[in-house]
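Structure first, then comments.
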Amino acid sequence: MPLTSSLRLASSLFEASFASRPTAGASAPGRVNLLGEHTDYNGGPVLPFALPRRTVVLAGPGEGWEAVSTLDGAVVRFEPAAAPEGRWTDFLGGVIRVLHGLRAAPPGGRLAVASTVPAGAGLASSAALSVAAARALSQLAGRRLSREALVEVAFHAEHDVVGVECGRMDQMISAHGVARHAMLIETADGSTTQIPFDQPVLLFETGVAHRLADGEYNRRRAECRAALEACRVAGLAVEDLAAVPEPALDSLRGAMPAVLHRRLTHVVRETARTRAAAMALSIRDYARFGAFLAEGHRSIRDDFESSCGEADRLVESALRHGAWGARLTGAGWGGTVLVMAPAEQCAALTAAIVADFRREVGRTPAVWKARASGGVRSERAR
Ligand code: GLA
Numbered sequence: 127m128p129l130t131s132s133l134r135l136a137s138s139l140f141e142a143s144f145a146s147r148p149t150a151g152a153s154a155p156g157r158v159n160l161l162g163e164h165t166d167y168n169g170g171p172v173l174p175f176a177l178p179r180r181t182v183v184l185a186g187p188g189e190g191w192e193a194v195s196t197l198d199g200a201v202v203r204f205e206p207a208a209a210p211e212g213r214w215t216d217f218l219g220g221v222i223r224v225l226h227g228l229r230a231a232p233p234g235g236r237l238a239v240a241s242t243v244p245a246g247a248g249l250a251s252s253a254a255l256s257v258a259a260a261r262a263l264s265q266l267a268g269r270r271l272s273r274e275a276l277v278e279v280a281f282h283a284e285h286d287v288v289g290v291e292c293g294r295m296d297q298m299i300s301a302h303g304v305a306r307h308a309m310l311i312e313t314a315d316g317s318t319t320q321i322p323f324d325q326p327v328l329l330f331e332t333g334v335a336h337r338l339a340d341g342e343y344n345r346r347r348a349e350c351r352a353a354l355e356a357c358r359v360a361g362l363a364v365e366d367l368a369a370v371p372e373p374a375l376d377s378l379r380g381a382m383p384a385v386l387h388r389r390l391t392h393v394v395r396e397t398a399r400t401r402a403a404a405m406a407l408s409i410r411d412y413a414r415f416g417a418f419l420a421e422g423h424r425s426i427r428d429d430f431e432s433s434c435g436e437a438d439r440l441v442e443s444a445l446r447h448g449a450w451g452a453r454l455t456g457a458g459w460g461g462t463v464l465v466m467a468p469a470e471q472c473a474a475l476t477a478a479i480v481a482d483f484r485r486e487v488g489r490t491p492a493v494w495k496a497r498a499s500g501g502v503r504s505e506r507a508r
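Heads up: the sequence shown begins at 127 in the working numbering, then just goes up one per residue.
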């Protein structure tokens with residue numbers, strides 16, 4: 127669905143629900159992470175691009191807080207100061223609390239949300255919602271926050287208030303994405319490089335939804351912290367796991383339980399791989415880039431153990447049918463597989479992968495094509 131229809135939907139939902147017109151609005155995209163998985167909270171690089179699919183948030187003044195989404199059309203009252211309830215409005219409450227601390231929150235408000243970013247598909251729908259809400263609500267309070275400030279608001283809303291111990295990748299790309307570019311982010315120092323990227327990417331949804339607050343994600347973070355501690359006890363003076371030199375991996379084997387060593391191996395190799403892949407992408411060597419994607423998938427499957435059977439099947443099928451590369455993107459344990467292939471092969475490849483998945487898994491996966499698009503922007507109600 128094009129953005130104009132999301133905007134129109136959100137506008138008419140706002141008017142129908144609140145009998146008034148919104149006075150502020152913004153939209154922000156979901157993302158695909160090309161490579162660099164579970165490195166953003168370990169001081170390593172990530173390489174995401176912003177999706178053309180976006181979340182629109184329209185806002186108007188109100189007493190107390192009310193929100194409605196095109197998903198179910200029901201007006202929900204919520205209290206930002208209350209504990210998270212496992213609902214989508216938790217993210218809005220988180221954003222409002224963080225904005226409040228910056229004196230950039232309105233005293234109350236009404237919000238209408240429309241989105242084309244699928245939820246639970248590993249495409250950062252929560253960052254799209256939080257970044258768009260941060261822009262719309264700060265505007266409603268008469269403030270204009272920089273993109274950097276929006277990233278911090280959305281990050282703290284999700285991390286501190288909702289309780290997912292995420293890194294900053296999703297919020298950064300949702301705020302700073304540039305059309306026809308992927309963004310290399312070095313999370314140790316926050317530096318970014320925009321890399322021209324105008325290839326179409328095929329996205330296959332596994333249909334297995336993940337919920338990050340459910341535990342596996344935070345467990346991996348704890349494992350990474352424990353692995354870092356073991357590296358330090360073994361005498362390595364490093365700030366982050368990503369800074370462990372690759373040649374040290376062998377000698378660290380005895381320094382920690384095997385499972386922690388596998389997590390460490392993933393982070394260290396993924397760090398090197400992501401930087402090498404960014405180089406390949408910048409010279410448009412897609413065959414080489416694709417080989418890094420496939421390696422990255424094996425690493426999350428075997429060492430980080432954050433894949434799932436459906437994703438492994440999609441990746442194997444894509445490679446078998448001649449894709450440059452394929453991997454599960456996002457946090458994992460479900461979500462979406464990205465596939466890169468020469469443009470003229472995309473149609474035949476899609477048909478072959480869908481046929482394999484139907485035969486092997488017994489379902490038809492949702493498939494779509496995306497190109498790198500722009501980050502957060504203000505929107506006017508239609
Ligand atoms: C989620 C988090 C990100 C990142 C990825 C895994 O999307 O929000 O910060 O850690 O998982 O790479």
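Using N, Cα and C, we set each Cβ at its ideal position, and we do this for glycine too.
Item                                                                                           : Value
heavy atom of the ligand GLA below 7 Å from Tyr-167 C-beta                                     : yes
Glu-163 Cβ short of 7 Å to the ligand GLA heavy atom set                                       : yes
C-alpha gap between Val-493 and Thr-476, whole angstroms                                       : 8 Å
Exposed unless 16 or more other CB atoms sit within 10 angstroms - verdict on Ser-272          : exposed
Start-to-end residues for the beta strand (DSSP E) that takes in Gly-451                       : 451-455
Spatial distance of Ala-200 from Ala-185 (CA atoms)                                            : 16 Å
According to DSSP, residues forming a beta bridge with Leu-184                                 : Gly-151 and Ala-238
Segment limits, beta strand (DSSP E) that includes Glu-211                                     : Element bounds for Glu-211: n/a, residue is neither H nor E.
Segment limits, alpha helix (DSSP H) that includes Leu-445                                     : 435-446
Given 8 Å, three or more beta-carbon pairs between the segment 140-152 and the segment 178-193 : yes
Glu-312 - DSSP class collapsed to helix/strand/coil                                            : strand
Inside the segment 244-313 only - beta strand (DSSP E) runs reaching at least 3 residues       : 307-312
Stretch pair the segment 153-162 + the segment 370-388: three plus CB contacts closer than 8 Å : no
Inter-residue Cα distance where the pair is Ala-339 and Ser-252                                : Legend: pLDDT at Ala-339 = 48, less than 50; position of this residue unreliable, no value from coordinates given.
Reduced DSSP secondary structure (H/G/I, E/B, other) of Arg-424                                : helix
Exposed unless 16 or more other CB atoms sit within 10 angstroms - verdict on Asp-429          : buried
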